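Residue numbers (the working numbering): 509 to 895. Everything on this sheet refers to the single structure shown next.
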């Protein structure tokens, strides 16, 4: 490992400390190394902290920054936002070399910060550990480039693609299923403890979690972030409920603290009033078909208007089908257990004919979680400026 890679890995580690604390801004970590090669300043950006990571690191370094090197995972900004341009602060501090993993995908920056540094005589190097840096800020990239949140479809299933046993009370083949809390068969989990713990990390990385009302009625989940890690905004719990059938007694309603959003396509007045009396926000969106299900593209746009940059979809078969058919799913994280249910067990997708809408998973990775494994991959590049 080179010295540059060593310090960039430290910057990436610092940036990860901002996960859950920086949205809708990107996560950024910075390390200042003085002229003798000694680490003298560290910084992690958080939204509430306002100051950017490089400014925090430069302030900590003080005079030690002069003649030194700045390492960070993302290009310093060059525009006036909530703070002054970071590129100006880097130049003023006397930094002579900047090593960063990637350019900022924000069109307002997009190389201009690096150009300003070069024009001031600062030596700039870009690209080391770029893949890791891009993955860390993929939701920011999708949001800033397309004005939409990154949508990740997560599901846990058996080897034959079943997400629940139809024998569980309230679950019918093709219905929404109790997949939201990790997927279980009857009253037994399909996936193991390690996989379920990892799901909490995915929730922590997300601004919102989304399920269909069928999942709420079948499983009565809490849909909370139980990673134990701090976050700036509560995980927004989003329920797709065409006819406002969600039980007032469900745990997600009873535990609501301005963090539950119900999206419907036909708002029955009494039902809406009952939910709003519990502090639930109810929003009506356009219907996508004759069955009056909320249009998934309209849902994504509604969440973007709330500055939601990332959504973890943990729905059942019907929601999975509708989301994939809409073309709005960017990424999948599919957990598999080495079991086979067969028979009338609930499939991963139902309710939509996806013929002619084939989507290929690209750039996929395989992960092991004890006896289980997972496929993580992309249907769309979050860094693409157009679909």
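Note that beta-carbon positions come from the ideal geometry of N, C-alpha and C, so glycine has one too. Note that this is a predicted model, so its numbers are computed, not measured.
Legend entry - Enclosing alpha helix (DSSP H) for residue 622 [first to last residue]: In the DSSP annotation of this structure, the continuous segment of the alpha helix (DSSP H) that includes residue 622 starts and ends at 620-627.
Inset, instruction - Leaving out five residues on either side along the sequence, give the residues of the same chain with a beta carbon under 7 Å from the beta carbon of residue 858. - result: Correct list, in chain order: 682, 825, 826, 829.
Legend entry - Complete runs of the alpha helix (DSSP H) confined to the region 643-671 [at least 4 residues]: 646-654, all fully within the region 643-671.
Inset, instruction - Within the region 566-644, note down every full alpha helix (DSSP H) run reaching 4 residues or more, in order along the chain. - result: For the alpha helix (DSSP H) assignment, the uninterrupted runs of no fewer than 4 residues enclosed by the region 566-644 are, from N- to C-terminal side, 594-600, 620-627, 638-644.
Legend entry - CA-to-CA distance, residue 571 to residue 511, given in whole angstroms: Answer to the nearest angstrom: the Cα atoms are 22 Å apart.
Inset, instruction - Assign residue 875 to buried or exposed, taking buried as 16 or more other Cβ atoms, counted over all protein chains shown, within 10 Å of its Cβ. - result: Exposed: under 16 other Cβ atoms inside 10 Å.
Legend entry - Where residue 880 falls, given that 16 or more other Cβ within 10 Å makes a residue buried: In this structure residue 880 is buried. Its beta-carbon is surrounded by 16 or more other beta-carbon atoms within 10 angstroms.
Legend entry - CA-to-CA distance, residue 872 to residue 716, given in whole angstroms: Distance from the CA of residue 716 to the CA of residue 872, rounded to the nearest whole angstrom, comes to 23 Å.
Inset, instruction - Check the DSSP bridge columns for residue 718 and list the partner residues they point to. - result: Residue 718 is bridged to 746, 821.
Legend entry - Beta-ladder partner(s) of residue 536, from DSSP: In the DSSP assignment, no residue is bridged to residue 536.
Inset, instruction - Assuming residue 747 contacts residue 719 (C-beta within less than 8 Å), just tell me the rounded distance between them. - result: Their Cβ separation, rounded to whole angstroms, is 6 Å, which keeps residue 747 and residue 719 in contact under 8 Å.
Inset, instruction - May I ask you to verify whether the region 844-853 touches the region 803-816, counting CB pairs closer than 8 Å and requiring at least 3? - result: Between the region 844-853 and the region 803-816 there are fewer than three inter-stretch CB-CB distances shorter than 8 Å, so the stretches are not counted as touching.
Legend entry - The beta strand (DSSP E) enclosing residue 767, as first and last residue numbers: Run containing residue 767: none; DSSP gives neither H nor E here.
Legend entry - Residue range of the alpha helix (DSSP H) that includes residue 463: Outside the shown range of the chain, which is 509 to 895, sits residue 463, and nothing can be said about it.
Legend entry - residue 599 and residue 573 closer than 8 Å at C-beta: No, these two residues do not count as a Cβ contact at 8 Å.
Inset, instruction - For residue 520, count neighbouring Cβ atoms within 10 angstroms of its own Cβ and tell me buried if that reaches 16, exposed if not. - result: The residue in question, residue 520, is buried, as its Cβ has 16 or more Cβ neighbours within 10 Å.
Legend entry - Limits of the unbroken alpha helix (DSSP H) element including residue 809: That run of the alpha helix (DSSP H) goes 804-812.
Legend entry - Enclosing beta strand (DSSP E) for residue 779 [first to last residue]: That residue, residue 779, is in no beta strand (DSSP E); its alpha helix (DSSP H) goes 777-785.
Legend entry - Same chain only: Cβ atoms within 8 Å of residue 869, ignoring 5 sequence neighbours per side: Excluding positions up to five away in sequence, the list reads 840, 883, 885, 886, 887.
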